[in-house]
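Everything below concerns the one structure shown next.
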Ligand SMILES: Nc1ncnc2c1ncn2[C@@H]1O[C@H](COP(=O)(O)OP(=O)(O)O)[C@@H](O)[C@H]1O
Ligand SMILES: [Mg+2]
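Chains as they are written, first to last, in the numbering used here: chain A, 1 to 253; chain B, 1001 to 1313.
What follows is the structure, given as structure tokens:
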């Protein structure tokens, strides 16, 4: 009996969320005049406006120190904006409390330049971690981890220790971990920073595949050469300001 | 595989919750088993710390039991009038034995009293110079278990043959005072050593948190709640506490075996069976309860202090 009423409650909550989503569909990511000042007054990001629509894929580029990582960190709630409005996945992040942060992060797949794998466990356990955190059942975990490893071409490395993998393979394990929870949004911070051009290209094509099935993707990268061959939206940051956007085709500064 | 819309995270029922707890508890146990020497060392420190107040508690318990048997060791010394000859003593003894409340009577004739006094006092030579034996004969009566000793003493004082009755309860009072002191000592020592256990476990968990810093950061990055991150450390603390409790029990049992012989001798001296005994099942359960709780609490303190310091960045 209890589980029936719980299921009903769950359904009602889902419906309410979907309604809220439909009402203010300002895109999956929406920055409105967002600034981020680090302690000491140093500007990481100043007065940034940006909308990424649901299902879009875009590259974020700019010199080192331009604010790319800062922008991604704000989306994943690793940092909080100093001013301005920030909506992600139809959530007003300005009003999202500390306690809700985990649930927000579960809907974002994050990928890092240094992959941040846990080296004391094998590939399978690394990829399974998000599902373990979400309390998914054992059998379901097995299925979904293998599906993610299959997508990233690592099914045969399931039992391998991360140290025994090449840089490109490690990065793909990181990607498998990011997508195993089937997030609607993927953020990647310099995912190809340590890889040679061919491997970098493979990684980017992998992201493109996820995008093709509807996942929104935002990738920070300073590899202009590679980005220019991919025919996607490009956003350029310079000293914390958004100075160029191929979609709006305009220089801001 | 990918649906563009996000499904809400599947909520789970109490059975899933239990399953997850069990899995986390077992995982924590497995982690401890991977470093058996370190685990054993920490558990042994906790065990030894717990064994001390526990041993004192048991000892105090036994003393109290000893003291609460009111008449154990209590005796009435009847100093007999010198006019009563030695031959009259057995008759008097039998009369005493016939009285209700008297369990046994020991007779010390005047000569025996003198011999005993000589031996114990060392005044042998000086006593030889006395013209006659100055000591009275003594009958020592041991009251039965539940006899009203004070009343008995009054009654005996009225006997014509008896000059004086001395009720010897002093050492019993002393025993009770010591046992009260010991009991208080158990609480003070227990509190102090409990704190030591708390600090030991807290420090062990703090190091564990530091060692697993990257795991914590990554887990937070991919949506772990504080409760999820806290849980394995709490279970680790609980296990340490339980292991410590078992080791304390084991140390105590071994110690009891080691001191069993001299203890028996001591008990014999006091004509009483000391029951300085191993833990009962309830006491063992209480020990595990307390040690487990201390472990949990120590871990909780460490976790709530140090987990906030580790943020993904
Ligand atoms: N935690 C921090 N504390 C202070 N300043 C920071 C911090 N993180 C980044 N910054 C500064 O913010 C600016 C943007 O940094 P970042 O977002 O990392 O740039 P990018 O990723 O494009 O290289 C830089 O000037 C950097 O020095
Ligand atoms: Mg960066």
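For every residue, glycine included, the Cβ atom is placed at its ideal position computed from N, Cα and C.
Can you tell me whether residue i is buried or exposed, with buried defined as 16 or more other CB within 10 angstroms of its CB?
i	result
residue 159(A)	exposed
residue 1166(B)	exposed
residue 1157(B)	exposed
residue 1306(B)	buried
residue 1094(B)	exposed
residue 143(A)	exposed
residue 61(A)	buried
residue 210(A)	buried
residue 138(A)	exposed
residue 1303(B)	buried
residue 207(A)	buried
residue 23(A)	At residue 23(A) the pLDDT is 48, less than 50, meaning the model places this residue with poor confidence and gives no usable figure here.
residue 30(A)	buried
residue 63(A)	exposed
residue 1174(B)	exposed
residue 66(A)	buried
residue 8(A)	exposed
residue 14(A)	exposed
residue 985(B)	Given a span of 1001 to 1313 for chain B in the structure shown, any question on residue 985(B) remains unanswerable.
residue 1015(B)	exposed
residue 1291(B)	buried
residue 1047(B)	buried
residue 1023(B)	exposed
Looking at the unbroken beta strand (DSSP E) that takes in residue i, where does it start and where does it end?
i	result
residue 124(A)	From DSSP, residue 124(A) is part of no beta strand (DSSP E) but of the alpha helix (DSSP H) over 123-133.
residue 36(A)	29-38
residue 1078(B)	1075-1080
residue 1164(B)	1162-1168
residue 238(A)	233-238
residue 186(A)	185-189
residue 219(A)	216-220
residue 45(A)	42-52
residue 226(A)	Residue 226(A) -> not in any beta strand (DSSP E); alpha helix (DSSP H) instead, spanning 224-228.
So residue i is in the alpha helix (DSSP H); what residue range does that whole segment cover?
i	result
residue 1155(B)	1149-1157
residue 177(A)	167-179
residue 204(A)	197-212
residue 1021(B)	1014-1034
residue 1091(B)	1088-1098
residue 150(A)	138-151
residue 1118(B)	1110-1121
residue 1219(B)	1213-1221
residue 1282(B)	1281-1306
residue 117(A)	No alpha helix (DSSP H) contains residue 117(A), which DSSP labels as neither H nor E.
residue 102(A)	101-105
residue 70(A)	68-75
Is the beta carbon of residue i less than 8 angstroms from the beta carbon of residue j?
i	j	result
residue 1044(B)	residue 1247(B)	yes
residue 109(A)	residue 186(A)	yes
residue 1052(B)	residue 1193(B)	yes
residue 1240(B)	residue 1209(B)	no
residue 1082(B)	residue 1136(B)	yes
residue 191(A)	residue 1223(B)	no
residue 242(A)	residue 72(A)	no
residue 59(A)	residue 200(A)	no
residue 180(A)	residue 215(A)	no
residue 27(A)	residue 52(A)	yes
residue 1113(B)	residue 1138(B)	yes
residue 1300(B)	residue 1256(B)	no
residue 69(A)	residue 189(A)	yes
residue 1297(B)	residue 1245(B)	no
residue 1238(B)	residue 1285(B)	no
residue 89(A)	residue 184(A)	yes
residue 167(A)	residue 194(A)	yes
I want to verify the contact list: residues of chain A whose CB lies under 8 angstroms from the CB of residue i, in sequence order.
i	result
residue 1016(B)	135, 137
residue 1215(B)	118, 120
Going along chain B in order, which residues have a C-beta closer than 8 angstroms to the C-beta of residue i?
i	result
residue 110(A)	1221, 1222
residue 130(A)	1222, 1223
Residues of chain A with a CB under 7 angstroms from the CB of residue i: which are they?
i	result
residue 1313(B)	78
residue 1303(B)	None at all; the shortest Cβ gap to chain A is about 16 angstroms.
residue 1228(B)	133
residue 1020(B)	135
residue 1218(B)	116, 118
Please compile the residues from chain B whose C-beta is within a distance smaller than 7 angstroms of the C-beta of residue i.
i	result
residue 102(A)	1223, 1224, 1225
Taking 5 angstroms as the limit, tell me which residues put their C-beta closer than that to any heavy atom of ligand 1, in chain order. Here the residues come out as 38(A), 42(A), 44(A), 64(A), 65(A), 66(A), 67(A), 68(A), 69(A), 70(A).
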